[in-house]
Amino acid sequence: MAEINFTKLLVHLVVLVDVVLLHVAYATYFERKVIGHMQMRMGPTRVGPMGLLQPIADGIKLFFKEDIIPAAADRPLFYAAPIICLVAMLSCLAVLPFDPNHVLADLNIGLIFIFAMSSLASYGVVLAGWASNSKYSFLGGMRSMSQVISYEIAMGLSLVGVMMMTGSLNLGQIVAAQAASPFGIYAIPQFIGFFVFVVSMLAETNRVPFDLPEAETELVAGYCTEYSGIRFSLFFMAEYIGMIVMASIGTICFLGGWNGPFTVPYVPFFWFLLKIYAIMFFFFWVRATLPRYRYDQLMDLGWKFLIPLALANILLTGLMKTVLE
Amino acid sequence: MAALEQRSMEIPIPAQEKELFALKMGPQHPATHGVLRLDLFLDGETIAICKPDVGYLHRGFEKIAENKSYAQFLPITDRLDYIGAMANNVGYCHAVETLLNIEVPERANYIRTIVAEMSRISGHLLWLATHALDIGAMTVFLYCFREREILLDLFEELCGARLTTSYTRLGGVRQDVSALFMDNLTKFTDDFPTKIADYETLIDTNRIWLKRTQNIGVISGKQAVQLGFTGPTLRGSGVDYDVRKHRPYCVYDRLDFQVPLGRKGDIYDRYLCRMEEFRQSVAIIKQCLEQLPPGPIVNDDAPDLIMPITPQRKVAADSIGSSGIIQLMEDRNIYMEGDVYVSTEAPKGELGFYFVSDGEGRPYRMHIRSPSFIHIGGIPAICEGEMVADVIACIGSLDVVLGECDR
């Protein structure tokens, strides 16, 4: 019996990782197409019909590129850093409920687990910056560390309101409680929390306008300056999985998870995917529109604006809850 | 001994510098616009000391000029500020014509003004594109290149080349404008103001853009003059100096245009100045297109493209001159002896040519006063005390091109 469960779990795991990696590959295609059209150009068109095979070509190219390791690098850490990043991000996927019946690990502390893992991913970034023994990587790693620490707090606080309304940290229960709430989604009653979450989501995933750790015009490529070939693509995948995870948390905690206006037969995760891709589109839209913040301005925004706002939201949620009861 | 003291011109390294974080930015850094190298000494992320290092693109233009005739040197001016080759051509020819005392026909002067302003627009477009990209606004970059493409196509229609135009020649211009060119340019001048509005909606009042540019890289008017800044970089600090107004050349004295000025001298003011120059340049082109007179495009007495180094005068072979056969006679009194400095307003600033002539068909010595070189000298004054991210914004706001700086 135990053996069967183990096999089933393994199959589940492999399918999940494969599906997500496929999504990651096509998220890059989606991004290039979306930004391309926003900027009045075509995006990829050459490989396959409408450039549809482009992500695969990119993957093959990166896989066969020479793997260069700087002579002065700290080798064990240099090897470990991208793996830490990717593994931490992949393990977040385990607790995500894609629909009521599909969740790999139904943890009671799902939300906390995701926070822990996404913080661990930034550990990989810091190690990468440190182990490369390059000045640009070092600055990128330092920036990433302080950025993630600041915005982790804001993000955690922004979700406290949701936890208070649900009374649970289990992601499945959050969705279920949300469906029973008056508006069906928490983005309306928790609009302050949602706003803080969206901003810190951008910062947490190192996306524009908070892409300071890898600001190419200042730090060449930040923490991954010295990485090449498959190691670079591990970081790249980790970033996109991070985006998918953050979009999933946003969907689960604020946009009602797998629930939608009507049920789509045979595709229980239809609404979930749609919402994730809506948030991903938002990521790309922001990237095509906004310039980049400066390091100290980012800190100002985090500590002086977002964290007080999130705290006010908690206070407000608590008051409302007391008054309504 | 004196020589030894001279060597200490290099900035002495303070004792505390050893504890600073030394970062060599460039010459292969994505945002230093070519091959500029900055030796930064950081205190945290704040710049304590900044030392620009130039010369990676040195090609010895000034020495080459001593071995080529005035006409032969023209294509090399394309490679100075390779973004605005037309403006360099106009500036160089204007300087040589002043030295050799060559008259330029009216129509050629108008065409020169048009192409100089087109090159200003295309230069500023590239500046806006890269400046915005440096600060992270990626879309502006591609929008600007879209319009720049139209201008480059117009250059191609005019003279067959997009970047290295070599369009002017001593005593006029190489080809006359075609009807297609006139039509397309008119269309461009009508469309372009709406495109400027497009760029402005993306960044002009963008909160992040303002935070990144306002009160950063401030340079007062007095300081800017002391550092020798010219062009929009100087005018951003509120100093009213424009060669087009103060020492008019071509037909600028007949045209109605304003010189935009900034107030504070920060990155944002320099940005606003250049954005306004877009509109002024369009206005200038429009006026030129309306006033463009008919007539010859090149002075008949102007030296040939194959210009002899030893001055020669054309004389008729027979005494009456009816045979049409022309003989060349050596005459050392054609070209002026002495020196002359003539400057024009290039997109980057005041582009000056200084010639010392000994009466030959080539300069005895030529010096190019390139605005980029002088602006790079001002980078430490602007950057020190700011943050790493601001260095990029500051360099962008100075609009330097290394081809012109290192020449």
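Protein sequences appear in the order of chains Z and D.
Numbering follows the working numbering, in which position 189 of the first sequence is assigned residue number 184; successive positions increment by one, without gaps.
Counting from 1 along the second sequence, just add 409 to a position and that's the residue number in the working numbering.
Every residue gets a Cβ at the ideal spot worked out from N, C-alpha and C, and that includes glycine.
- For E754 (chain D), the residue or residues it bridges with in DSSP: D:E759
- Task: Note down, one range per segment and in chain order, each alpha helix (DSSP H) of at least 4 residues found wholly within the segment 648 to 699 of chain D.
- Result: You should have 652 to 655.
- Tell me, please, whether the segment 786 to 797 of chain D touches the segment 525 to 544 of chain D by the rule of three or more beta-carbon pairs shorter than 8 Å. no
- Message: Rounding to the nearest angstrom, what Cα-Cα distance links G812 (chain D) and T610 (chain D) in this structure?
- Response: 32 Å
- Task: Would you mind telling me which residues of chain D sit closer than 7 Å to V203 (chain Z), beta carbon to beta carbon, in chain order?
- Result: G545
- CA nearest to the CA of T753 (chain D), picked from D:E746, D:G493, D:R771: D:G493
- Message: Less than 8 Å between the C-beta atoms of D69 (chain Z) and A126 (chain Z), yes or no?
- Response: yes
- Query: Whose C-beta lies closer than 7 Å to the C-beta of E426 (chain D) among residues of the same chain, with five residues either side of it excluded?
  - Reply: Because E426 (chain D) sits at a pLDDT of 49, beneath the cut-off of 50, its placement in the model cannot be relied upon, and the following sentence gives the value as read from the coordinates. So the qualifying residues of the chain are F450, I458.
- Message: Taking CB distances under 8 Å as the criterion, tell me whether W536 (chain D) reaches chain Z.
- Response: no
- Please name the residues in the segment 284 to 311 of chain Z whose beta-carbon is closer than 7 Å to at least one beta-carbon of chain D, in chain order. T284, L285, P286, R287, Y288, R289, Y290, D291, Q292
- Query: How would you list, in chain order, the residues of chain Z whose beta-carbon sits under 7 Å from the beta-carbon of T548 (chain D)?
  - Reply: M33, Q34, A283, T284
- Would you be able to state if there are at least three C-beta pairs under 8 Å between the segment 88 to 95 of chain Z and the segment 177 to 190 of chain Z? no
- Task: Answer with yes or no whether the minimum CB distance from K28 (chain Z) to chain D is below 8 Å.
- Result: no
- Measure the beta-carbon distance from L207 (chain Z) to Y290 (chain Z) and round it to whole angstroms, keeping in mind my assumption that it falls under 8 Å. 6 Å
- Mind checking whether H776 (chain D) and V215 (chain Z) have CB atoms under 8 Å apart? no
- Item | C-alpha gap between R416 (chain D) and L636 (chain D), whole angstroms | Reliability fails at R416 (chain D), whose pLDDT of 46 lies under 50, so the model's placement of it is uncertain and no value is given.
- Could you name the residues that DSSP lists as bridge partners for S629 (chain D)? None; S629 (chain D) has no bridge partner.
- Decide if L269 (chain Z) is buried, meaning its Cβ has at least 16 other Cβ atoms within 10 Å, or exposed. exposed
- Message: Taking its Cβ as the centre, do 16 or more other Cβ atoms sit within 10 Å of S129 (chain Z), making it buried, or is it exposed?
- Response: Counting Cβ neighbours within 10 Å, S129 (chain Z) comes out buried, since at least 16 surround it.
- Task: Compare the C-beta of V215 (chain Z) with all C-beta atoms of chain D and state if any pair is closer than 8 Å.
- Result: Closer than 8 Å: yes.
- Minimum Cβ-Cβ distance from I791 (chain D) to chain Z less than 8 Å: no
- Query: Comparing the CB of H18 (chain Z) with every heavy atom of the ligand GDP, is any distance shorter than 7 Å?
  - Reply: For the ligand GDP, the structure offers nothing, since it holds no ligand at all.
- Identify every run of the beta strand (DSSP E) within the segment 167 to 238 of chain Z, keeping only runs that are complete inside it and at least 3 residues long; order them along the chain. You should have found no qualifying run.
- Query: So with Cβ pairs under 8 Å, would you call K270 (chain Z) a contact of chain D?
  - Reply: no
- Buried or exposed (CB count within 10 angstroms, at least 16 for buried), W280 (chain Z): exposed
- Looking at the C-beta of K130 (chain Z), does it have a partner C-beta in chain D at a distance below 8 Å? yes
- Message: If the cut-off is 8 Å on Cβ atoms, which residues from the segment 596 to 623 of chain D count as contacting chain Z, listed in chain order?
- Response: L611, I612, N615, I617, W618, K620, R621
- Do I236 (chain Z) and F58 (chain Z) have their C-beta atoms closer together than 8 Å? no
- Message: Taking a contact to mean a Cβ-Cβ separation below 8 Å, would you say S243 (chain Z) touches S195 (chain Z) in this structure?
- Response: no
- Task: Taking only the alpha-carbon atoms, compute the straight-line gap between I485 (chain D) and K695 (chain D) and give it to the nearest angstrom.
- Result: For the pair I485 (chain D) and K695 (chain D), the Cα-to-Cα distance works out to about 30 Å.
- Task: Return the chain-ordered list of same chain residues with a C-beta closer than 8 Å to the C-beta of T622 (chain D), the five sequence neighbours on each side being excluded.
- Result: I544, D675, I676, Y677, Y680, A802, S806
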